[in-house]
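Residue numbers (my numbering), protein chains in the order written: chain A, 1184 to 1424; chain B, 13 to 210.
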């Protein structure tokens, strides 16, 4: 059956109203979604949301074989008010027990721990140390070696198999050691290497991405973050003059 | 589910109401606006597709909100429980070819269905109406492929269900059934070419 141009136009007009309705509905829906979300992306740059992970973890003092499941997001506060004078900040370090740079800077976290205790703000910070096994000859790590590195126990094989773990600089490391020998977390975060330091705000947003922290600024950056909105403690009194 | 999931109940009501109207059960209730089965099935399907569109939009909304907090912890924040584990899972929350969030694909599919259904309703005399009906039957039929895969993932890979996704899947299944009723009506020769539902 041949359809006249007029009939085609009439049919087209019927379709047009349906198309306008549906396209309008789509546009309104997308506007609604975009207007009510702000799409913070995950990553390790300042302002990004640190990616979640679940892995085996070890606390200092526990038995060498006592590893438990640890999930980062269960240790953050997504309802954090945004007021920096409250909440627990998270220091993350990626390290490799056979990496000589990690060995040399191993004192950093334990001295930071001591300073935080002195200033009375130790309860404002948690430490998460993610131990990786980089794909470098001589970098083989076991859970025993991780615990030995964490607690400075006697164990041969640290620092590229050249040193006993008990001789590493610094004291016992605070916080949890995460077993990431598979480097799954390391690849998800994507740091360039080890050591790599980061500070997360209480809600998991990256407040500082210090990379290797070669300028040794982690303490200053942490203090600036904790005391950004003031605080009734000795640290903030010094930081804010 | 708790009181914060009230939109889900609204979507479920709309979807089941639409399916009820388009089903043979709907013919037992006298709706004055529907002069015949064709009008009733198409109108019910429009309501059903609209409900599917809404729940897909909500799914996409959850997807975007979960991106704000970056991972699989959105459940408690939005009281959607396991939806966080499903929708924010980077391995499964987008289509594997183009990386489009499933919620957006659902929105586009239900919007396309809405478009075709409105055309059927407004232009039943269109000589190419058979093509539109075939397309309308094809969209939800194709949609069943990723839906079955996602159900497999929920069952065997993740071990959790997202109730919003499941409602969208049900809406698609209902639309497939109601589209078949329209298809069957057209092929049985009972298609009424006059606009009749206003």
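Glycine included, C-beta positions come from ideal geometry on N, C-alpha and C.
Closer than 7 Å: residue i CB and nearest the ligand HEM heavy atom
{"i": "residue 1290 of chain A", "result": "Only the bare structure without any ligand can be found here, which leaves the ligand HEM out of the picture."}
Local Cβ density within 10 Å of residue i, reported as buried at 16 or more and exposed below that
{"i": "residue 1355 of chain A", "result": "exposed"}
{"i": "residue 199 of chain B", "result": "exposed"}
{"i": "residue 1291 of chain A", "result": "buried"}
{"i": "residue 206 of chain B", "result": "exposed"}
{"i": "residue 131 of chain B", "result": "buried"}
{"i": "residue 18 of chain B", "result": "exposed"}
{"i": "residue 171 of chain B", "result": "exposed"}
{"i": "residue 161 of chain B", "result": "exposed"}
{"i": "residue 108 of chain B", "result": "exposed"}
{"i": "residue 1251 of chain A", "result": "exposed"}
{"i": "residue 1340 of chain A", "result": "buried"}
{"i": "residue 85 of chain B", "result": "For residue 85 of chain B, the predicted model reports a pLDDT of 35, less than 50, meaning its position is unreliable; a value from the coordinates is still stated below. Buried, since its Cβ has 16 or more Cβ neighbours within 10 Å."}
{"i": "residue 1333 of chain A", "result": "buried"}
{"i": "residue 1351 of chain A", "result": "buried"}
{"i": "residue 7 of chain B", "result": "Since the first residue of chain B shown is 13 and the last is 210, residue 7 of chain B is not available in this structure."}
{"i": "residue 1431 of chain A", "result": "Any answer about residue 1431 of chain A is impossible in this case: the structure gives chain A only from 1184 up to 1424."}
{"i": "residue 110 of chain B", "result": "exposed"}
{"i": "residue 1303 of chain A", "result": "exposed"}
{"i": "residue 23 of chain B", "result": "buried"}
Contacts that residue i makes with chain B (C-beta to C-beta distance below 8 Å)
{"i": "residue 1216 of chain A", "result": "69, 72, 73, 76"}
{"i": "residue 1200 of chain A", "result": "130, 134"}
Residue interval of the beta strand (DSSP E) (run including residue i)
{"i": "residue 1237 of chain A", "result": "1237 to 1241"}
{"i": "residue 1306 of chain A", "result": "Premise fails: residue 1306 of chain A is in no beta strand (DSSP E) and is neither H nor E."}
{"i": "residue 1157 of chain A", "result": "The structure shown does not extend to residue 1157 of chain A, since chain A spans only 1184 to 1424, so no value can be given for it."}
{"i": "residue 1343 of chain A", "result": "First-last for residue 1343 of chain A: 1341 to 1344, but that is the alpha helix (DSSP H), not the beta strand (DSSP E)."}
{"i": "residue 1271 of chain A", "result": "Unbroken run through residue 1271 of chain A: none, as it is neither H nor E."}
{"i": "residue 1402 of chain A", "result": "Counting along the chain, residue 1402 of chain A falls outside any beta strand (DSSP E), though it belongs to the alpha helix (DSSP H) covering 1401 to 1409."}
{"i": "residue 1382 of chain A", "result": "1379 to 1383"}
{"i": "residue 1251 of chain A", "result": "1251 to 1254"}
{"i": "residue 114 of chain B", "result": "First-last for residue 114 of chain B: 114 to 134, but that is the alpha helix (DSSP H), not the beta strand (DSSP E)."}
{"i": "residue 1360 of chain A", "result": "1359 to 1363"}
{"i": "residue 1389 of chain A", "result": "1389 to 1394"}
Unbroken alpha helix (DSSP H) run spanning residue i, endpoints
{"i": "residue 1287 of chain A", "result": "1283 to 1287"}
{"i": "residue 198 of chain B", "result": "175 to 199"}
{"i": "residue 163 of chain B", "result": "141 to 164"}
{"i": "residue 34 of chain B", "result": "18 to 34"}
{"i": "residue 1369 of chain A", "result": "1367 to 1372"}
{"i": "residue 1419 of chain A", "result": "1417 to 1422"}
Beta-carbon neighbours of residue i, restricted to chain A and to distances below 9 Å
{"i": "residue 126 of chain B", "result": "1201, 1204, 1205, 1208"}
{"i": "residue 123 of chain B", "result": "1205, 1206, 1208, 1209, 1212"}
Under 9 Å from the C-beta of residue i: neighbouring residues of chain B
{"i": "residue 1219 of chain A", "result": "73, 76, 77"}
8 Å Cβ cut-off: residues of chain A touching residue i
{"i": "residue 65 of chain B", "result": "1208, 1212"}
Residue i: contacting residues in chain A (beta-carbon distance under 7 Å)
{"i": "residue 119 of chain B", "result": "1209, 1212"}
Nonlocal neighbours in the same chain, by C-beta distance under 8 Å from residue i, ignoring five residues either side
{"i": "residue 1256 of chain A", "result": "1235, 1387"}
{"i": "residue 188 of chain B", "result": "149, 152, 153, 155, 156"}
{"i": "residue 1344 of chain A", "result": "1281, 1321, 1323"}
{"i": "residue 1287 of chain A", "result": "1352"}
{"i": "residue 1364 of chain A", "result": "1314, 1315, 1316, 1324"}
{"i": "residue 1229 of chain A", "result": "1389, 1390, 1391, 1392"}
{"i": "residue 177 of chain B", "result": "71, 95, 98, 99, 114, 162, 166"}
{"i": "residue 1225 of chain A", "result": "1231, 1232, 1233, 1234"}
Close Cβ partners of residue i (< 7 Å) along its chain, the five nearest in sequence each way excluded
{"i": "residue 29 of chain B", "result": "59"}
{"i": "residue 1318 of chain A", "result": "none"}
{"i": "residue 72 of chain B", "result": "113, 115, 116, 119"}
Same chain, Cβ closer than 6 Å to residue i, five either side skipped, listed in chain order
{"i": "residue 1374 of chain A", "result": "1277"}
{"i": "residue 1331 of chain A", "result": "1338, 1348"}
*asked:* Between the stretch 1375 to 1389 of chain A and the stretch 1261 to 1272 of chain A, can you find at least three pairs of beta-carbon atoms closer than 8 Å?
replied: yes
*Contact the stretch 1325 to 1335 of chain A vs the stretch 1247 to 1264 of chain A: 3+ CB pairs below 8 Å*: yes
*asked:* When you compare the stretch 64 to 73 of chain B with the stretch 117 to 133 of chain B, are there three or more beta-carbon pairs, one atom per stretch, that lie closer than 8 Å?
replied: yes
_Taking 8 Å as the cut-off, does the stretch 109 to 119 of chain B touch the stretch 54 to 62 of chain B (at least 3 CB pairs, one atom from each stretch)?_
no
_Contact between the stretch 1304 to 1322 of chain A and the stretch 1351 to 1366 of chain A (3+ Cβ pairs under 8 Å)_ = yes
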